Structures are given as C-alpha cells and as structure tokens.
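Enquirer:
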Amino acid sequence: MTPIELPERLNAATALVDSHLDEGRADKPAILCGDRTITYRDLSENINRLGNALRELGVRMEERVAILMPDTPECAFAFFGAIKIGAVEGAALLGPLVVDPGVKGKGYGKALVGEGLARAKAQGFGLVLLVGDMTYYGQFGFAPVPPGKITLPGPVDPGRLLAVELRPGLLESAAGQIKAHAPNL
Ligand SMILES: CC(C)(COP(=O)(O)OP(=O)(O)OC[C@H]1O[C@@H](n2cnc3c(N)ncnc32)[C@H](O)[C@@H]1OP(=O)(O)O)[C@@H](O)C(=O)NCCC(=O)NCCS
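Sequence positions in the sequence shown follow this note's numbering and run 805 to 989.
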C-alpha cells in the first residue's frame, strides 16, 4: 500500500477551496444554487469574510460554532469560515535575524530569509510577518502592513511591520493583534 504523505498542518478550507485558487481555477464555478453561480474566488472571499467576522466576535481556535442555516451557499461560507479560523492558518513570524558583523554582505541574510520562507510555506503558512527594514526585505516580496491592521503586543514601529503573502489574498483577510500559538519552525 502506498503511504499517504500528510502535511503537519492541514486546513480543510485551504485544501478544498483555496487550492483551486492556487491552481488557477478561481473563476470556475464551485457551487451552483438555483440561478446563482459561486466561483471558487467568491467562495474563498466569503469564507475569509465569515471567518473574520467570527474572529471579531471573539471566536478562537478549538471553540465550537453551531451553524443552523438553510442549504445555501451561505451555509458553505459559514461551514468553511468556521473551519478556517479553527486551524493555525495564520501567519508565521520571521526573525529577528542577525548576521555577525564580520560576515555581513556574504549572502547569509538572504539564505536565512529564503530558508525561513521555504519552511513557512512547507508548513502550510500563507502569510509571513516580520519587523525589519523594507529597504532590505522588499527584495523578498515583503511589503508594509497597512497601519493599524495588524498589531504586535509590544511596542513596534508600525512602519517596520512587513508581510509577504505565500498565498494571495491572506493579508487582506488578516487583522488584529498577533498572538503566539505556533511552534517554532
Ligand atoms: C539585515 C541583515 C540580517 C542582512 O544580513 P547579510 O548576511 O549581511 O545580508 P546579505 O548578504 O543577504 O545582503 C547584503 C546586502 O543587503 C544590504 N543590506 C543589509 N542591511 C540592509 C538594510 N537594513 N537596508 C537595506 N539594505 C541592507 C547590504 O548593504 C548588502 O547590499 P549589497 O549586496 O548591495 O552590498 C544583517 O545586516 C543584520 O544582521 N543586521 C542587523 C540586524 C537587523 O537589522 N536585522 C533585521 C531586523 S530582524
């Protein structure tokens, strides 16, 4: 029997819905309901919206959400939205990175960032955050997080909070204060 390789982290909403976006099927129909056609993009956006609304209501990982709804696309949004926030789908925090001054400029920084991003991706993270200089991290695709969208518990210059999406659209759906709950990569 061929063993099945399962990733360490698996989110059903990501595996069953977002994977279609990653594979170029965003505009294909995901749900046909009466005269409504919900594409995978619509589905994913509504799942994220629903997940964020639940978060704003204070629902956290491993908490239960009861869904009592007619069998409509909204029911799928609610079902997968609740699933999505129930897993560690959030962000990986990279750094702090420091390279010994004696060996700066030899590519160690690039190698560390590249390895960190590769590990985050391999573990299923869709978003990586760090606090650092845009002048350096911009080359890896990092961009400033819009002010106030994501905050850290300690004092941080908000202009140095940067993010790179490993899965498109995740930054838009991320908001609030960062709380540590993932093991180190
Ligand atoms: C930032 C840091 C990790 C880069 O490590 P590194 O191994 O020297 O980096 P690399 O060899 O990959 O890249 C070197 C290049 O990045 C540039 N660079 C380094 N820090 C930079 C910064 N803050 N802004 C813009 N460019 C920077 C260097 O000038 C060099 O440019 P060149 O290739 O044109 O000469 C290292 O400089 C460091 O430890 N800095 C102090 C701690 C820090 O600021 N960490 C970041 C916050 S977590």
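Cβ atoms here follow ideal geometry from the backbone N, Cα and C, with glycine treated the same way. Please read these numbers as outputs of a predicted model, since none were measured by experiment.
Identify, in the order they occur along the chain, each residue of the same chain with its Cβ nearer than 6 Å to the Cβ of Leu854, setting aside the five sequence neighbours on each side.
Expert: Phe881, Ala882 and Gly885
Enquirer: Anything with a beta carbon under 5 Å from a heavy atom of ligand 1 counts; list them all in chain order.
Expert: With the cut-off at 5 Å, the residues found are Gly899, Pro900, Leu901, Val902, Val903, Lys908, Gly909, Gly911, Tyr912, Gly913, Lys914, Gly936, Asp937, Thr939 and Tyr940.
Enquirer: Using C-beta distances below 6 Å, list every residue in its chain close to Leu847, excluding the 5 sequence neighbours before and after it, in chain order.
Expert: Val821 and Ala834
Enquirer: Take the Cβ of Ala819 as the centre, count every other Cβ of all protein chains shown within 10 Å, and call the residue buried at 16 or more, exposed below.
Expert: exposed
Enquirer: For Asn856, which residues in the same chain have their Cβ closer than 7 Å to its Cβ, ignoring the five residues on either side in sequence?
Expert: Ser977 and Ala979
Enquirer: Is it right to say Leu825 is buried, meaning 16 or more other beta carbons lie within 10 angstroms of its own, or is it exposed?
Expert: buried
Enquirer: Using the three-state DSSP reduction, which class does Leu966 fall into: helix, strand or coil?
Expert: strand
Enquirer: Note down, one range per segment and in chain order, each alpha helix (DSSP H) of at least 4 residues found wholly within the region 839-881.
Expert: Those alpha helix (DSSP H) runs which fall completely within the region 839-881 and span 4+ residues are 844-860.
Enquirer: What span of residues does the beta strand (DSSP E) with Leu934 cover, start to end?
Expert: Taken as a continuous stretch (DSSP letters only), the beta strand (DSSP E) holding Leu934 covers Leu931 to Val935.
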